[in-house]
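Residue numbers (our numbering): 3 to 282.
Here a beta-carbon is modelled for each residue, glycine too, at the ideal position from N, C-alpha and C.
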Amino acid sequence: MTFDLVVQGGPVVEWMGRGRRRNQNKGFGGNHMELEDRVVIITGGARGIGAAAAQTIATKGGRVVLGDILEKEGEATAAAIRAAGGKAVFVRTDVSKEAECARLAAAAIEHYAKLDVVICSAGILEGSMLQAEALDEATFERVLGVNLKGMFLTVKSALPHLRKAEKGVVLLLGSQFGTKLPSSSLAYGASKGGVHGFAMTLEAQLAPHGIRVNEICSLSIRTPMRIENLVNQARLAGRDPEKARAEVTKEAGDPQVLALLLAFLASTDGDFVRGTIYTR
Ligand SMILES: NC(=O)c1ccc[n+]([C@@H]2O[C@H](COP(=O)([O-])OP(=O)(O)OC[C@H]3O[C@@H](n4cnc5c(N)ncnc54)[C@H](O)[C@@H]3O)[C@@H](O)[C@H]2O)c1
Numbered sequence: 003m004t005f006d007l008v009v010q011g012g013p014v015v016e017w018m019g020r021g022r023r024r025n026q027n028k029g030f031g032g033n034h035m036e037l038e039d040r041v042v043i044i045t046g047g048a049r050g051i052g053a054a055a056a057q058t059i060a061t062k063g064g065r066v067v068l069g070d071i072l073e074k075e076g077e078a079t080a081a082a083i084r085a086a087g088g089k090a091v092f093v094r095t096d097v098s099k100e101a102e103c104a105r106l107a108a109a110a111i112e113h114y115a116k117l118d119v120v121i122c123s124a125g126i127l128e129g130s131m132l133q134a135e136a137l138d139e140a141t142f143e144r145v146l147g148v149n150l151k152g153m154f155l156t157v158k159s160a161l162p163h164l165r166k167a168e169k170g171v172v173l174l175l176g177s178q179f180g181t182k183l184p185s186s187s188l189a190y191g192a193s194k195g196g197v198h199g200f201a202m203t204l205e206a207q208l209a210p211h212g213i214r215v216n217e218i219c220s221l222s223i224r225t226p227m228r229i230e231n232l233v234n235q236a237r238l239a240g241r242d243p244e245k246a247r248a249e250v251t252k253e254a255g256d257p258q259v260l261a262l263l264l265a266f267l268a269s270t271d272g273d274f275v276r277g278t279i280y281t282r
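Here you go:
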């Protein structure tokens, strides 16, 4: 599948929807038909890709409900969106716990009376560079518990509400690590391989019910997770961690570009896209 996203610097984005150019930097209060009033849950929304997606979606008129274990950062992200004129709430959520995922889904209904889109961006990367015999069971379970089970529980809790939406959407953050390339961590690679199978199966289950499922597999994006992992790998390999930090900061992709892709897919303009999307 090919996907063309044209970015023209700063906050200006164009996407080609139904043969027309739209949404050219209109800011809050402009004409945001694609996401207007769509209610979007974003797990892992406190920082990184999730926070960037929340800000972009809110700028385009979506209402966002952020779930994360990082309370201070999550509240700050929601507050920044509201301060800019957008609509956002934060709900402290550990996605590895079913009751907390249910509370997150309920918060969307409580605040905005419906749910249209779920973006699963919560994730952790642990156990980097460890051979199987050195990787402890607890780490393996923790990574699978957040990255894979957490995704299942988030979707499970949201589905009863999503089924009532017109053109509901589920967006899952997979990875090229664990699907196309080996990961630095056995646990992370296993979890993202699992996400790939989960996404494929979920898509087939939900398509007949009018709910679109896309998995987004990116490579290296400049976020705390990616930077911390590469710095940690350099440290473990006896290389200069600060040099590694500088390199990844320079070379990794901008989270904003992924946020634009997620905003497009969350919108009704993304209706034609199916299945897994690999970015560069
Ligand atoms: N950054 C990359 O290069 C990259 C590449 C491919 C895929 N991804 C995936 O994108 C997603 C977002 O990653 P990121 O790079 O923004 O990382 P990040 O660490 O910056 O953000 C991940 C967020 O998930 C939250 N989180 C962790 N455990 C949680 C839990 N139990 N419950 C709720 N929230 C929890 C963290 O607090 C954090 O806010 C992840 O699924 C990651 O695997 C990232």
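- The Cβ-Cβ distance between glycine 63 and glutamate 36 falls below 9 Å.
- With a contact defined as Cβ atoms closer than 8 Å, leucine 117 and valine 215 miss out at about 15 Å.
- Note that the C-beta distance between valine 148 and serine 177 is not below 9 Å.
- By the neighbour-count criterion, in which 16 or more other beta carbons inside 10 Å mark a residue as buried, threonine 95 falls on the buried side.
- Annotated as distal: alanine 265 and arginine 224, with beta-carbon spacing of 9 Å or more.
- Taking a 10 Å sphere around the C-beta of threonine 156, we find 16 or more other C-beta atoms and assign the residue as buried.
- Between cysteine 103 and glycine 69, the C-beta gap is smaller than 9 Å, which places the two residues in contact.
- Here the alpha carbons of leucine 146 and alanine 108 stand approximately 25 Å from one another.
- DSSP places phenylalanine 92 in the uninterrupted beta strand (DSSP E) bounded by 89-94.
- If only complete runs of 4 or more residues are kept, the segment 213-261 shows the alpha helix (DSSP H) at 226-238, 243-253, in order along the chain.
- Between the C-alpha atoms of phenylalanine 200 and glycine 46 there is a straight-line separation of about 19 Å.
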